[in-house]
Every structure is written in structure tokens, then in C-alpha cells.
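Chains A, B, C and D, in that order, give the protein sequences.
Throughout the first sequence, residue numbering follows my numbering, covering 458 to 708 in sequence.
Throughout the second sequence, residue numbering follows my numbering, covering 458 to 708 in sequence.
Throughout the third sequence, residue numbering follows my numbering, covering 458 to 708 in sequence.
Throughout the fourth sequence, residue numbering follows my numbering, covering 458 to 708 in sequence.
Below is one structure, written out as C-alpha cells; comments come after it.
There are 4 protein chains.
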Amino acid sequence: MAIVHNETSTGVTCRVADVRKAIDRASHPCLFMVDTISSLASIDYFHDEWGVDVTVGCSQKGLMLPPGLGLNAISAKALSVAKTARMPKSYWDWEPMLSTNKVGFFPYTPPTNLLYGLKESLKMLREEGLKNVFARHARHAEATRQAVQGWGLELNCANPEECSSSLTAVRMPPGHDADAFRKVVLERFNMSLGNGLGKVQGKLFRIGHLGDFNDLMLAGTLSGVEMGLGIAGVPYTKGGIMAALKYLGQK
Amino acid sequence: MAIVHNETSTGVTCRVADVRKAIDRASHPCLFMVDTISSLASIDYFHDEWGVDVTVGCSQKGLMLPPGLGLNAISAKALSVAKTARMPKSYWDWEPMLSTNKVGFFPYTPPTNLLYGLKESLKMLREEGLKNVFARHARHAEATRQAVQGWGLELNCANPEECSSSLTAVRMPPGHDADAFRKVVLERFNMSLGNGLGKVQGKLFRIGHLGDFNDLMLAGTLSGVEMGLGIAGVPYTKGGIMAALKYLGQK
Amino acid sequence: MAIVHNETSTGVTCRVADVRKAIDRASHPCLFMVDTISSLASIDYFHDEWGVDVTVGCSQKGLMLPPGLGLNAISAKALSVAKTARMPKSYWDWEPMLSTNKVGFFPYTPPTNLLYGLKESLKMLREEGLKNVFARHARHAEATRQAVQGWGLELNCANPEECSSSLTAVRMPPGHDADAFRKVVLERFNMSLGNGLGKVQGKLFRIGHLGDFNDLMLAGTLSGVEMGLGIAGVPYTKGGIMAALKYLGQK
Amino acid sequence: MAIVHNETSTGVTCRVADVRKAIDRASHPCLFMVDTISSLASIDYFHDEWGVDVTVGCSQKGLMLPPGLGLNAISAKALSVAKTARMPKSYWDWEPMLSTNKVGFFPYTPPTNLLYGLKESLKMLREEGLKNVFARHARHAEATRQAVQGWGLELNCANPEECSSSLTAVRMPPGHDADAFRKVVLERFNMSLGNGLGKVQGKLFRIGHLGDFNDLMLAGTLSGVEMGLGIAGVPYTKGGIMAALKYLGQK
């Protein structure tokens, strides 16, 4: 069973613990793998408590680094299964990494530059405090949703409890092309909004608010969306940014 | 006669050409020196046309570099006067720099790192086009003034024709301390606003909008001011940011 | 048929064109794949002329970048075979990369930082001239061999025509541990020499001389080896470094 | 009384304490100023113990940073004299710096980038240990002198006790131009040796060995000098580098 903790393309966060419970209720022996690419270090996550067997993460989102590091957390069960599995594997073979890491080495050329970067980004996260990091992402997500509501636009995530803290996907009003709108924002304001993927292409755009990000960067981001809506001729209610500022600027 | 082209502490731009005319009308033989620290590469300037004898500039504002470079433009008259002047000088002695520069050297340790940086920042300015650079600064200054007017606050620069394109000084309502407000903005939003200097200390704050700066960075900046006014309990009209966005987001 | 152009672990360069001829003589339909990890941009290479189907390279050797980029050159034959091949593949599936590259995109998160770096390293290689780059590597390899001969040590590569231009593997005298020697050099001189891999572990050490490297860096490197031999008590003839300098310092 | 602790142009270190004693013996009331530009953090120095009134240092030598920081240590006597002195001063006026530093500020734009760099370089110096840093510079200077002696060339500093630990000035044999030799080394090996200044121009060259520097960098440097002497046709004894390696490579 493989799921995504935070769905980058839709802005929806999965209830990982509930999926684990469903696997258990069915007494299914499958391994449980979770992709935390766009949630690691932005949204709280519990590999052990949630009974995940394989968690994959990366360097280029919440860890605030360039792409290049893939991080795996592996349960005892997964390690044990891997030893007896007979499917051919190389890229997914953990053994060479585990055995060489123990003595301070890598089985092949290590991205030393990114490991130094990781040391620094972990230091930054600890300085802010993980609890504060997660709270910051949640605040920015709520402020973004307040802005979206203020504009009279629709969130892509229908269930409020499952809205992502690291990005917000916004549906375009029918008859308006999200990609044309994104192009306007890119050209006028040098800001690259995420696009709709697959069957929602052109139907939604995505606002990222994760990693090395603060209130005024979000305010700038939402200002770009608000101005872009006007320039692109998308029908919206002015002042969504004011709703976000009201929320962010509480005493 | 020494004046400042763009007064960093008050947000006022001097009419350099008019000062030159006044000197000429008085047939005064003085040298005319202009400080362009906070205007060079942000507000158009004409050393030769305006008859300036010594123009001083720096690396850390419009040229978008760390501090460390001082730049001098010198008229033939100033060079000639310097040769016969008998006041002791070392720091202000241009001759060693001029003679060694001719053969590709510096009279002492050159800040090579900043010279490489200068090469790059000049390239960036040329890519954007100096005309566009100046227009961008003027737009950001106008958007800032629209926001200030929207908040019902008073600009420090009384004469609209002399308002600076690189920073805007805003007067605090009587009875409110600009430095207490600045402290709120720094602590809550990690944004450092300029303070009032000398006799206007505590009575005004300054918003910088120069150098490597774009519309959304300005929108973030003005959002921080708007939220800070609310948090600090300064009386203001909400929505100044909307006036700025209206101006910046014109089709 | 998969071979390595430049064998990093032994310091031997393969005669790729001859391998191709052997495949052709046998009229074998196999694809021909060559690994240029430690030769690309250091030793001349001809993907098309040599009839290679798949060439793999990387960013972290001759291209002077951090690790993170894998580069593939693919023949028309290989592309065609890949289309009809029915083995499951994802990591080795070229199609998503080829189709998105055409329109200026990546099928997943691109290492933008390394692409900027690649732009710069290609510029540097062109400024020096590829012919000069290859000649420089050949000179440094020859100087290193002169030093090894001067020390009375044995090259690992028996055939002079196949000696690598990017690294030189040196055999330790019997009874002496190459890894103990390498440890001395690392601790005393902060220089990390390559180790012997697999069945030559402890029996040879490797001197890298590729990428962003010049005569005096090589002289420093060889000086570290010469001093390390003495400190580690390895029997050697003093003055190998003099042989290298004689070669490098020719008028 | 103003002296230079380490004379960059001659490679001679002054006996600062002895100069202080001479001033005291003469009961002269003068302030004692010492320039430590090329010695600070490379050669041990005692502002207080040696009774210096004003010590000036910089960022770009032993502190391993770009140029841009000037550092002053000031005695109580100097501070007191400055308060009553009536000579006009601005650049040398310490008061604005002292009073603003107390409250965490600078009287003008601070080179924040260099202050971050200074924090890091001080950390590096403490990690190595100042005693070890000074010993390393002394070792490199001695190795360099061994090489110079090996080449049969003459040191510029006649008194062995006053030889600088941060650079070594070498006299050219009569009839040979030091600058022609330096040009050869620069063009062939991309290494810039210091030139003779003033009346020794063309008569000596200088080898720097300070700051972020280690044994193999020195070996590369001396190799460049040895090869350059041969290419430039300067009469010398081969193998000076071997004398340096013998000294550096002691067990």
C-alpha cells in the first residue's frame, strides 16, 4: 500500500494513521509506504507511531535545500522482507547504504555539499523549533484559505480537515483557464504558481507556502495572485488579501 | 557647495540642476559636490550635464552589492584644483587611484570580490535597461505613496515633485512613537524599517524601495507596515495596501 | 555489452573503438553501453564515431560540479529498441525526459542549481578549449607517472597506451599496506588519496588529477605523496617530485 | 611613533616590545602605533603587554576574509589623548564607533557580510587553536627559507630572528629582473608572486604563506618558484623544493 502524505497536485493531506488502521482491520500483510516529499519538515509526521514501513522524503521542499537527497525511513518489517525478497533491485536496495553508513561511508559518490546543507537546515529547524515550524505552515495555509474565500474562489480540497499546510490548490471559475492566469502572474510579477496536473490541468492553480517562508513573503504572494486575477480578467471579489492580513496581523 | 541628491533620512530628492544654476547666478567659484549614495542606479542623474564637480556613490544601494566600494566622478575643474590645493589629504587624494588605475592596478589592496560583483550588477542593470530601472523605482515610490495616503498618514516630503523614488519617509500621528512601531514590525514580521534621524527621531519611519526589488516584494513590505500599524495601535485607515495594489496591478 | 571508458579503480582507459569493432566482427546485435563517469570532459571521447549506443556521464568529475546530474547520450538504435522492450523500467525510461525536454521542461523536479553550474562549467571548458583541456589532463598524467617512476614504485596499468589521463593507480611495495599509507597522508596533509577497491584493497592507492586542476596543484599533490611515503616508512627513492617538476617545467 | 609589525614589502618582523622599551627609555610621551596588517592572526602579537597605544589590523590577510574591515585596538592613553586633541579628524575619530557599538550599532552602514565572515574565521582560528596557527605559519616560513637556501638564493631579511612568518622576500641574483621572473610564473603557472616595492623593485620577489594555507599548498607554491627559476633562466641550484619537503615531512 503506497500513499502520499501531502498531495502536491491537489493540496490534500492524507490521514495516514487511518489508512494504517484500515490495513490492520483487514489484517492485510502488505508493507505500508508513504511519500512525504512535500510534507517532511512542514507538516507533522509520525513514521513509527503511524506504523509506516517505508517513508520517503527529499531535500528540496521543507528541508529548504536544492534537490538531490532522497531520504528513507524503514521499519524492521520492511528491512526483514527486503532480505528475503527475490525481485531484482538496485536503486531500491537499502543494504549497501545501511552497511556503509555504519562505518561513515557511502556506497557511491555522496552529495557532500547537500549533506553540509542538511546539517545547516536541521540546525535552522531546531532553532525555530519543530512545533513552531509546523504552526507557521498551518498559519500560512489558513491565511491563504482566508484570501481564497475573500476572493470568492473555491478551494480544491473539499474537506477542511484535509487541507494541506504546505500548499493550497485553488479552482478557477468555469470558463477561465488557470494556465493563462498563471502566465499573466509569471510575466507581470515574476512569480511562478503551480499548475493543475492531469485531469485538472487548466482548471486549478496552486499556491506554495512551505519551507523558508514568512508572513510578508506570503503577503507578497497573495498580492500577486490578487493583482493577477484582475489583470487576467478572472471574476473575483477584491480584497482577499485583506482577509489574509487580518488573520496574519492579529495582536 | 555640497548637497545630497537623495536625502536618505527625509525621503526628499534635491533639484541638483537648480542648485548649479544658483551657484552660477552668484558667479561663485566653489566646487559643487553631490552625494548620490541612495540614488545612484535608482534615480536618474547627470554628473556632466548638471555641472557637478565631485559626485560620490557607493556599492550597497542601487548597485545591489555589499558595502565596500566608494565611487567618485570628478570634473576637470576639481582635478585641477586638487593639484594646487595645499590642505593635507590622504583619503581624499585621487591621484594615486587615477595613476594606478590607468595601468590596471590599485594603489592598495583592491576589493576584488566587489569588483566582480560590480561587473555582474552593471550587467543586470543593462539587461533591464537603465530607463526601465528608473521607471521601476518611480512606480514603487508612487505605489508606496498611494498606500500612505490610503492609510491616512502623512508623507514627510511636502513637495510632490521632490519625493524620492528610492525611499519614502512617513510621519507618525502625534502621540505615537515611530520607534515603538518599528520595533513591532521587526519582531512580528522580521522587517527592519528605517528610523527618523536627529530631530525627527521617533517622529517618522522610512520605507526603502530600491535596488533588487520588485512589485511583490513591495506588496509584502507594505503589508508588513499595514499589519504593524494595527498591532502597534497606531490610528490608520485600513486598506492602504489595496490602493498600492490597484496602482501596481493596472492592466 | 557494457564497458567503462576510464576505469576509476584501476587507472586504465579502455579502447572503446576496438570493442565496437569486436562486436561488429562478431555481428552481434547487442547494444553497446559505455560509462564515461571519470573521463567525460577529461579524456577525449566519440559517442557517434565509436558507434556507442548508450553513453552515461555525470557532473562531479571532469565537469567540475557537485554530484547530482546524470547525463545520457543515446543512439537511434537504442531509442528504437527501448520503445519495443518489454522489461519493466522507470529509472532507465528515457521517454518522459525526452518528451518534456523538447518543450523546455523536466518530468520531475529539475536540479536547477546544477544546470546553472553546468552552463558555467561548459563555458569554462570552451574558454580553455577542449583540445587544451584534454592535453592538460594528459600532461598531468605523464608528470604523475614520471614521479611514480622516480620513486621506484610500480604503476598499476601495465600497458602504457592504456594509462588513464584522469587518475593514476600506484601499487604498494609488497608487505606495505596502501590504506595505512593513505591514512598517514590524510592525517598529516589533509589529502585524501583513492583506495584500492575489491581484490586490490590495501595493495594500491590512486592519485586523481582531473577537473579543475593545474600544474601547481599537481605538484602539491605529488609532494604530499612523496612526504607521506617517507613518514609511513614505505621504501622509495627520494625525488620523484623532481622528475615531475622537470617534465612540467620544460621551457 | 608608528611602526609596522610585519613588513609586507621586505619580509621583516619588527621587535615591537624593544621599540616600546626605547620609547620608555627616552621617556618620550608619544603615542605608539603599530600596523599589524600582514601579521594579525598569523604571528603572535601583544597589544597590551607590549604597551602599544593604537594597533591597526585588517580582514584580508590572516583573518582569511575579503578586504573591507579595518580593526583598531586602542589604549586608554590613546582614547584620552583623542578626546582633547584638536586636530580635525573624521576617518580617525573613534568616538562615534565606540558609542554606537556599545548599543549594538554602527555609526554608518556596517559591512554585515564581513562581520558574518569574521565570526566564521574566528571560529576556524579557535578550532585550530591560536598557538597552532602561529606554529603553522612559523613552520611554513622555515620550510620556505630552507627552499631558498637550497636554491642558493639570498633571503632579503638579514637577521634570522626577524624573518617574517607570513611572507618571505627573496633577492634576485644580480643581472636578473625579479619582475620578468614573476611574469613567467604568472603566465605559466597562474601564480602571482609579490613584487619588490620602491627601491627594491625588480630586485626581489615575495612568497606569501599566510592565512588559509597548508603544507601541500606551500609545496605547490615552492614548486612553481623552482620551475619558474628554470624557465626564466635564473641561475639556481635544483632541488630547493626537496629541502622544504624534508623539513615539512619530518616524522
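Where is the CB? At the ideal position from N, CA and C, for every residue including glycine.
Source: prediction; values computed, not measured.
Collapsing the DSSP output to three states places C:A626 in a strand. Taking 9 Å as the cut-off, the Cβ atoms of D:C471 and D:H462 count as close. Using a CB distance cut-off of 9 Å, B:G525 counts as an interface residue toward chain D. In the three-state reduction of the DSSP assignment, A:L673 falls in the helix class, which pools H, G and I.
Interface annotation for the stretch 487-498 of chain B against chain D: empty, criterion Cβ-Cβ distance under 8 Å.
In this structure, A:S499 places its C-beta atom within 9 Å of the C-beta atom of A:G668.
Under DSSP, A:L488 shares a beta bridge with no residue. Contacts with chain A (Cβ-Cβ distance below 8 Å) from the stretch 564-583 of chain C involve T566, P567, P568, T569, N570 and L571, listed in chain order. In its chain, beyond the 5 residues on either side, no residue has a beta carbon closer than 7 Å to the beta carbon of D:S556. Under the three-state reduction of DSSP output, B:E506 falls in the coil class, being neither helix nor strand.
Annotation for B:N529: the continuous beta strand (DSSP E) segment containing it runs G527 to I531. The residue among B:L575, B:A533 and B:D636 with its C-alpha nearest the C-alpha of B:Q517 is B:L575. For the C-beta of D:Q658, not a single chain B residue is nearer than 8 Å; the gap to the nearest is close to 13 Å.
Taking the beta carbon of D:Q606 as reference, no residue of chain B falls within 7 Å; the closest one sits roughly 30 Å away.
Of all residues in the stretch 669-682 of chain A, only N671, D672, L673, M674, L675, A676, G677, T678, L679, S680 and G681 come within less than 9 Å of chain B when Cβ atoms are compared, listed by chain position.
Looking from the CA of D:G632, the closest CA among D:S547, D:S621, D:P568 and D:G690 belongs to D:G690. Judged by DSSP secondary structure, B:V590 falls within the alpha helix (DSSP H) whose first and last residues are L587 to W608. Contact annotation, B:F670 with B:R639: C-beta distance approximately 19 Å; criterion of less than 8 Å not satisfied. Comparing alpha-carbon positions, the option among C:W507, C:G665 and C:H504 lying closest to C:L624 turns out to be C:G665. Of the residues assessed, B:T678 falls on the buried side of the cut-off, its CB having 16 or more other CB atoms within 10 angstroms.
Contact between C:W608 and C:L686 holds: their C-beta atoms lie close to 7 Å from each other, under 8 Å.
Chain D has no Cβ within less than 9 Å of the Cβ of B:Q603. C:A459 carries a strand assignment under DSSP once its states are collapsed to helix, strand and coil. Burial state of C:V560 is exposed, judged by a 10 Å Cβ sphere holding fewer than 16 other Cβ atoms.
A direct Cα-Cα distance of roughly 18 Å separates B:A539 from B:G527. Here C:Y693 is buried, its C-beta having at least 16 other C-beta atoms within 10 Å. Taking a beta-carbon distance threshold of 9 Å, B:Y693 does not count as an interface residue toward chain D. A direct Cα-to-Cα measurement between C:V513 and D:P523 gives close to 40 Å. With the criterion set as a beta carbon lying under 7 Å from some beta carbon of chain A, the members of the stretch 508-521 of chain C are Q517, in sequence order. Rounded to whole angstroms, the gap between the alpha carbons of A:D550 and D:M648 is 47 Å. Beta-bridge pairing by DSSP links B:E611 to B:R628. At a beta-carbon threshold of 9 Å, the residues of chain B lying near A:N647 are N671, D672 and L673, ordered along the chain. According to the DSSP assignment, A:V511 belongs to the beta strand (DSSP E) that extends over V511 to C515. D:F662 carries a strand assignment under DSSP once its states are collapsed to helix, strand and coil.
Here A:V476 has M458, I460 and F489 as same chain residues with Cβ atoms under 8 Å from its own Cβ, once five neighbours each way along the sequence are excluded. Secondary structure note for A:K559: its alpha helix (DSSP H) is the uninterrupted segment E552 to K559.
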